[in-house]
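A.B. asks: Would you mind keeping the following structure in view while I ask a few things?
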Ligand code: ADP
């Protein structure tokens, strides 16, 4: 699929340190999850190169923060336009290494690029404050300054957007960055870095350390006294390790971790709309997003009708290679992902769940889109994020029962519910212990809203006018003798 790139120079396989492509002494294979075939081999960099990247970022920092906001705005806008100009190629790279259907990949390129545009604009709106004084001989002001060298460790499920959502606000604020993309999807990241080079971002402002020894790279980033901020999107398990490793240097962190999203359908919901929302929220990216519905709670009165309608739609979904026309569910990212979905299905069936449709692996790394009815709190699917195309449907009777079940988790990222009663909408929105609530919709992400979770789903918010705050420190100035 990569021989079809319009611009073959976007197939970059070396890391980027201080404006130079770095081959490294070892290489690792990047595979196409749809076919198992090798796509490229990429520089397998480690601790040594990570240190060099941090140094390069630190050296580039003074000049970058010394630009005016408008100059950084202009540089980021160039990068944005290049990302959009090469949307098709970036999408092909993404589908090849990640598996998502090509239209979804194109959507992600636009979504990913939108963070660059948004934060290019926000660069110009980093305002300070003047405060009333407590003494007429003094003047009180607050200024905002870039925090310093930033590290970004990103996952494979959104190979571009998870990078731009962190890197764009950091650059806009006047910080420089070291990116460690997921080892399963480095090609999209490297192509984006190539476009950043073409946009004229100075050497060292963006560095990309590709490699398979994530713990070694991560440790250097966490332990560095130069790195002042670490942003991570990935599992809660790894997030906890990174938080512990960042404690000794008291590093500021933004964490976007696991979710276990409830999707609640009340008796008064518009059922067809709820089914559409569930499909979009559950099966997008083959169920591999942290905001995917993980547990569907449906009220007694509409339970059977909902399951029937959902199963019919799920049965009709086309599974296959993301490059094929009409495919809506691609492969899972790696064999371990299939094992997890299979384990959740078996566990649910063993504990009394009924397989309504799907339930099996297909040839290769594909899994049938699956619906299980009669799900219960005792099942693994109630507690763990499946990260695959499995929808377990739980039955409930009262509003309070649904709220309690939805909140019975350590996670608190996205949640969804469908209802028409205005009182209920207000009550349930306020009662859900989640950072985000989709009300009568299954799709909530866009660049100008605060994305993030509560409880063990993370710290901080990405996107929106708040997203840049993570990369700024405020400084209070008290000027005397005036
Ligand atoms: P996912 O479920 O998305 O694979 P992970 O948390 O395993 O979530 O991976 C997300 C990112 O974290 C990837 O870039 C991966 O290489 C990196 N990673 C995994 N383990 C560690 C670690 N111990 N230290 C630093 N980074 C890690």
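Numbering (UniProt numbering), first residue to last: 7 to 488. We put the CB at the ideal spot given by N, CA and C, even for glycine.
1) Leaving aside the five residues before and after residue 151 along the sequence, list all residues of the same chain whose C-beta is less than 7 Å from its C-beta, in chain order.
2) So does residue 189 have its beta carbon nearer than 6 Å to some heavy atom of the ligand ADP?
3) Could you give the distance in angstroms between the alpha-carbon of residue 281 and the alpha-carbon of residue 189?
4) Taking 6 Å as the line, does the beta carbon of residue 247 fall inside it for any heavy atom of the ligand ADP?
5) As an exercise, report each continuous beta strand (DSSP E) stretch of at least 3 residues that is fully enclosed by the stretch 432-476, in chain order.
6) Does at least one heavy atom of the ligand ADP sit under 6 Å from the Cβ of residue 39?
7) If you measure between the beta carbons of residue 450 and residue 458, is that distance less than 7 Å?
8) What residue range is occupied by the uninterrupted alpha helix (DSSP H) comprising residue 203?
9) Under a three-way DSSP split, which group does residue 385 fall into?
10) Straight-line CA distance for residue 97 to residue 112?
11) Following a CB-centred definition, is residue 224 positioned closer than 6 Å to any heavy atom of the ligand ADP?
12) Taking only runs of the beta strand (DSSP E) that begin and end inside the stretch 148-190, which ones reach a length of at least 3 residues, in chain order?
13) Residue 305 lies in the beta strand (DSSP E); which residues open and close that run?
14) Do residue 159 and the ligand ADP come close, with the Cβ less than 6 Å from some heavy atom?
15) Can you say whether residue 473 is buried or exposed, counting buried as having 16 or more other CB atoms within 10 angstroms of its CB?
16) Do residue 283 and residue 418 have their CB atoms nearer than 7 Å?
17) Between which two residues does the beta strand (DSSP E) carrying residue 238 extend?
18) Mind listing, in chain order, the continuous alpha helix (DSSP H) runs of no fewer than 4 residues lying wholly within the stretch 16-93?
19) Based on DSSP bridge pairs, tell me the residues matched to residue 484.
20) Say yes only if the C-beta of residue 49 is nearer than 6 Å to one or more non-hydrogen atoms of the ligand ADP, and no if none qualify.
21) What I want to know is whether the C-beta of residue 244 ends up closer than 6 Å to one or more non-hydrogen atoms of the ligand ADP.
22) Which residue spans inside the stretch 321-398 form an unbroken alpha helix (DSSP H) run of at least 4?
23) Should residue 318 be labelled buried (16 or more other beta-carbon atoms within 10 Å of its own) or exposed?
24) Alpha carbons only, please: which of 236, 210 and 86 is nearest the one belonging to residue 465?
25) For my contact list, residue 39 and residue 338 are in at a C-beta cut-off of 8 Å; report their separation, rounded to the angstrom.
26) Quick one: Cα of residue 344 to Cα of residue 114, how far?
27) Should residue 398 be counted as a contact of the ligand MG given a C-beta to heavy atom distance under 6 Å?
28) Buried or exposed for residue 56, going by 16 or more other Cβ atoms inside 10 Å?
29) On the criterion of 16 or more Cβ atoms from any shown chain inside 10 Å, does residue 229 qualify as buried, or is it exposed?
30) Is residue 441 closer than 7 Å to residue 453 when the C-beta atoms are compared?
31) Return yes when at least one heavy atom of the ligand ADP lies under 6 Å from the C-beta of residue 221, else no.
32) Answer yes if the stretch 357-367 comes into contact with the stretch 295-307, meaning at least three C-beta pairs across the two stretches below 8 Å, and no otherwise.
33) If you measure between the beta carbons of residue 392 and residue 347, is that distance less than 7 Å?
34) If I measure Cβ to Cβ from residue 394 and keep anything under 8 Å in the same chain, skipping five residues before and after, which residues do I get?
35) Touching or not, the stretch 136-147 and the stretch 187-203, by the rule of three or more beta carbon pairs under 8 Å?
36) Using the Cβ count rule (16 or more neighbours within 10 Å means buried), how would you classify residue 137?
C.D. replies: Reading off the structure:
1) 478, 479 and 481
2) yes
3) 35 Å
4) yes
5) 442-445
6) no
7) no
8) 192-204
9) coil
10) 5 Å
11) yes
12) 155-159 and 183-186
13) 299-305
14) yes
15) buried
16) no
17) 233-239
18) 53-72 and 75-91
19) 146
20) no
21) yes
22) 341-356 and 386-389
23) exposed
24) 236
25) 7 Å
26) 23 Å
27) The ligand content of the structure shown is limited to the ligand ADP, which means the ligand MG is not among them.
28) buried
29) exposed
30) no
31) yes
32) no
33) yes
34) 292, 293, 294, 338, 343, 344, 346, 347, 350 and 373
35) no
36) exposed
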